[in-house]
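In what follows, a structure is listed as structure tokens, so that the remarks can point back to it.
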Amino acid sequence: MTVDDELSRALSELSRTLTPQPDPYGRARARYRRSRQRRLGGLVLALVVSVGSTAFAIASPGRTTQPLPADPTESIAPVLAWSDRLLQSPPRGAVAGDSSYVRQLSEQLLAAQRRGEFSRLTVPVSGVKILFADDVDGRRVALAAFVRSQPDPVTGWPSAAVWLVADEGASAQELASTAAVRGVSDALEPYESLAVDGPESAHVAIAPTGCVFLSSPLPDGDTFRWAPEPTGSYLVRTAKTKRPEWWRVDCGAVTRQLMPGPGSLASKPITDAQLATAMSHVRGSVEQQRARELVYEWAQSEGYRLTALPSVVWGGHVAGLPTDPASESPSAGEPSAEGAQVTVLTAPTVGGGWVGEVSIAPDQPRSDGVLSTGASFTTMTDPTDPSGVLAVSVDDGAAGDEGQQVLLVVTPAAATTVRVLRDGQEVARSAANGSGTVMRVPRPTDGLVLEALDGSGRTIAGGQVAEQGAQRTPETDTWNQE
Numbered sequence: 190m191t192v193d194d195e196l197s198r199a200l201s202e203l204s205r206t207l208t209p210q211p212d213p214y215g216r217a218r219a220r221y222r223r224s225r226q227r228r229l230g231g232l233v234l235a236l237v238v239s240v241g242s243t244a245f246a247i248a249s250p251g252r253t254t255q256p257l258p259a260d261p262t263e264s265i266a267p268v269l270a271w272s273d274r275l276l277q278s279p280p281r282g283a284v285a286g287d288s289s290y291v292r293q294l295s296e297q298l299l300a301a302q303r304r305g306e307f308s309r310l311t312v313p314v315s316g317v318k319i320l321f322a323d324d325v326d327g328r329r330v331a332l333a334a335f336v337r338s339q340p341d342p343v344t345g346w347p348s349a350a351v352w353l354v355a356d357e358g359a360s361a362q363e364l365a366s367t368a369a370v371r372g373v374s375d376a377l378e379p380y381e382s383l384a385v386d387g388p389e390s391a392h393v394a395i396a397p398t399g400c401v402f403l404s405s406p407l408p409d410g411d412t413f414r415w416a417p418e419p420t421g422s423y424l425v426r427t428a429k430t431k432r433p434e435w436w437r438v439d440c441g442a443v444t445r446q447l448m449p450g451p452g453s454l455a456s457k458p459i460t461d462a463q464l465a466t467a468m469s470h471v472r473g474s475v476e477q478q479r480a481r482e483l484v485y486e487w488a489q490s491e492g493y494r495l496t497a498l499p500s501v502v503w504g505g506h507v508a509g510l511p512t513d514p515a516s517e518s519p520s521a522g523e524p525s526a527e528g529a530q531v532t533v534l535t536a537p538t539v540g541g542g543w544v545g546e547v548s549i550a551p552d553q554p555r556s557d558g559v560l561s562t563g564a565s566f567t568t569m570t571d572p573t574d575p576s577g578v579l580a581v582s583v584d585d586g587a588a589g590d591e592g593q594q595v596l597l598v599v600t601p602a603a604a605t606t607v608r609v610l611r612d613g614q615e616v617a618r619s620a621a622n623g624s625g626t627v628m629r630v631p632r633p634t635d636g637l638v639l640e641a642l643d644g645s646g647r648t649i650a651g652g653q654v655a656e657q658g659a660q661r662t663p664e665t666d667t668w669n670q671e
């Protein structure tokens, strides 16, 4: 796959997964995360979106507490309180036990920042505190918090976080150099983590003192097997200790963070044996190399939210999908004059059920330059069952036809017709070919019943429209709660 293909897919994925954040915490998190930078190996996609310890080097004596955000309309006091608890926590990690080294590193970083060596952190800073320092997989890793003299005027956050990575055993001066910077965030979150040198390398995660990390092997459905981490309020995974797992952070009796660990079930490109399994129940026609790429890319993006590698459900060349809304012709909401290659994938998820992805690659480039688009869906029944019906919405109604919804319907091989019923009355019908069809049905899709008919008119399968959007896994982030 070319770099253009990768960029197109990444942009498409991003645009489909953006959702509004109704709460102040969500808006603030989205705002500062848009300016968050992580320097990792591999392809870099740059997106512009408008939208008390002896190691604490401070300008004046005493405990430094983070001031409130500049914008009083975004009250995120619980988050700031937890962030401040992290700031006030003692340094963690074996190297952090050397108070002289930690003090030197803090002083070196403060001096470098005041000399203007950190291009993304140029505002006045009152102090620097080292929160983590250790040697991990042949690298010396540190997390430093920079406390601003005043909250950031753009994000409103009072302190920034900087991750540093250098060679194992690096001096404080080496670790404080700009060459060692691996991540700069406009805000110090209550939970901070870093892939040390890329997504497949070692990982470090840290939470406030008093919180504890727990881990569980990749669960079967929603059955977790939690065990506390011996390091307590921080966690380290090396290349040798990484595994398919989920992480949890408990602070007292409350779970503040629950998330999949880093990595995926496709740590390497898909093998021939894995591809054969992925396509063992495929319907329609799918080119193998395209299927191989999609299975790998989707497994990578979903990580350990999936409990098995994706399967290919259906593939085919279709017309009648919603036209590119940026195009002047044909009219918005009308079927596309050109066809597209469509591939449907699915996989079981943590928490139960199945999540799916519809990849749509138009024959002709879209006017906005995007090479492929798609849609996601959720269902509680196995979409890979060759005797079943799968119906997925492939537009969001934005094209202007408010009364109609476009469905991609996958059928058993023997089906020749698909009909749609509401309250026992037929509301739409379409011919099926190659185990699939694209059809328009009246909104809303809730309550619609689809039937696949064979050549004699006999109903051979039935189903309902899959839920739009990705499966909600048990991920939790409750730092914004008291």
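Residue 190 is where the sequence shown starts when you use my numbering, and the numbers rise one by one after that. Idealized CB from N, CA, C, for every residue including glycine. Predicted model, so just to flag it, every value in this text is computed and none were measured.
Should Thr-600 go down as buried or exposed, given a rule of 16 or more other Cβ atoms within 10 Å for buried?
-> Within a 10 Å sphere around the beta-carbon of Thr-600 sit 16 or more other beta-carbons, which makes this residue buried.
Keeping to the same chain, check which residues put their C-beta closer than 7 Å to that of Pro-663; ignore five residues upstream and five downstream.
-> Taken in chain order, the residues that qualify are Asp-411, Leu-447, Val-539, Gly-540.
Quick one: what does DSSP say Ser-582 is sitting in, helix, strand or coil?
-> Shown here, Ser-582 sits in a strand according to DSSP, grouped into three states.
Close-in-space but distant-in-sequence residues of the same chain around Asp-635 (CB under 7 Å, 5 per side omitted) = Here the set comprises nothing.
Proximity winner among Gly-613, Arg-632, Gly-651, relative to Thr-606 (alpha-carbon distances) | Taking only the C-alpha atoms, the option nearest Thr-606 is Gly-651.
According to DSSP, which residues form a beta bridge with Gly-505?
-> Beta-bridge pairing links Gly-505 to Val-531.
Would a C-beta distance cut-off of 8 Å place Ala-488 and Leu-464 closer than the cut-off?
-> Ala-488 places its beta carbon 8 Å or farther from that of Leu-464.
Where do the N-terminal and C-terminal ends of the alpha helix (DSSP H) with Ser-295 fall, by residue?
-> Counting along the chain, Ser-295 sits inside the alpha helix (DSSP H) bounded by residues 288–303.
Taking the Cβ atom as the reference point for each residue, do Thr-535 and Val-502 lie within a distance shorter than 8 Å?
-> Result yes, Cβ atoms of Thr-535 and Val-502 sit closer than 8 Å.
Near Thr-648, what residues of its chain come up, given a Cβ to Cβ distance below 8 Å and the 5 sequence neighbours on each side ignored?
-> Result list for Thr-648: Glu-640, Ala-641, Leu-642, in chain order.
Quick one: any contact between the region 358–370 and the region 383–397, if contact means 3 or more CB pairs under 8 Å?
-> The answer is no - the region 383–397 does not touch the region 358–370, with fewer than three Cβ pairs under 8 Å.
Quick one: what does DSSP say Trp-352 is sitting in, helix, strand or coil?
-> Look at Trp-352 here: in three-state DSSP terms it is strand.
Keeping to the same chain, check which residues put their C-beta closer than 6 Å to that of Val-317; ignore five residues upstream and five downstream.
-> Contacts found: Ala-246, Ser-295, Leu-298, Leu-299, Ala-333, Phe-335.
Coil, strand or helix - Pro-313 by DSSP = Pro-313 falls in the coil class under three-state DSSP.
Determine the burial state of Gln-339: buried for a count of at least 16 other Cβ atoms within 10 Å of its Cβ, exposed for fewer.
-> Classification of Gln-339: exposed, given that the 10 Å Cβ count is below 16.
Measure from the alpha carbon of Leu-579 to the alpha carbon of each residue in Ser-561, Leu-610, Thr-626, then state which is nearest.
-> Nearest of Ser-561, Leu-610, Thr-626 to Leu-579, Cα basis: Thr-626.
If you run the structure through DSSP and keep just helix, strand and coil, what is Arg-227?
-> Note that Arg-227 has pLDDT 33, beneath the 50 cutoff, so the model's placement of it is unreliable and the number below is only indicative. Note: Arg-227 maps to strand in three-state DSSP.
If you measure from the beta carbon of Ala-580 to each beta carbon in chain C, is any gap under 8 Å?
-> Reference to chain C is not applicable here, since this structure consists of a single protein chain.
Across which residues does DSSP place Arg-608 in a beta bridge pair?
-> According to DSSP, which records beta bridges pairwise, Arg-608 is partnered with Arg-618, Glu-640.
From Thr-253 to Val-343, what distance separates their C-alpha atoms?
-> A caution first: Thr-253 carries a pLDDT of 42, below 50, which makes its placement in the model unreliable, though a value can still be read off. Rounded to whole angstroms, Thr-253 to Val-343 spans 22 Å at the Cα level.
Inside the region 376–441 only - beta strand (DSSP E) runs reaching at least 3 residues | Here the runs fully enclosed are 381–384, 392–395, 400–406, 423–426, 434–440.
So Gly-623 and Gly-528 are in contact, right, with Cβ under 8 Å, and what is the actual spacing, rounded?
-> Taking the Cβ atoms as the reference, Gly-623 lies roughly 13 Å from Gly-528, outside the contact range of under 8 Å.
What is the rounded straight-line gap between the Cα of Leu-275 and the Cα of Thr-398?
-> If I take the Cα positions, the gap works out to 7 Å.
For Ser-673, the nearest candidate out of Ala-604, Arg-618, Pro-633 (CA to CA) = Only positions 190 to 671 of the chain appear in the structure, and residue 673 is not among them; the question remains open.
Three-way DSSP call (helix, strand, coil) for Ser-456 in this model | Judged by DSSP in its simplified three-state form, Ser-456 adopts coil rather than helix or strand.
Selected residue, minimal CA-CA separation from Val-330, among Trp-415, Ala-365, Leu-610 | The residue from Trp-415, Ala-365, Leu-610 with its alpha-carbon nearest to that of Val-330 is Ala-365.
8 Å Cβ cutoff met for Thr-665 and Thr-444 | Yes, these two residues count as a Cβ contact at 8 Å.
Identify, in the order they occur along the chain, each residue of the same chain with its Cβ nearer than 8 Å to the Cβ of Gly-577, setting aside the five sequence neighbours on each side.
-> These residues qualify, in order along the chain: Thr-570, Asp-571, Pro-601, Ala-650, Gly-652.
Proximity to Leu-269 [Cα-Cα], best of Pro-458, Gly-450, Pro-379, Gln-614 | Across the set Pro-458, Gly-450, Pro-379, Gln-614, the C-alpha of Pro-379 shows the shortest separation from the C-alpha of Leu-269.
Under three-state DSSP, which class holds Thr-466?
-> Thr-466: helix per DSSP, three-state reduction.
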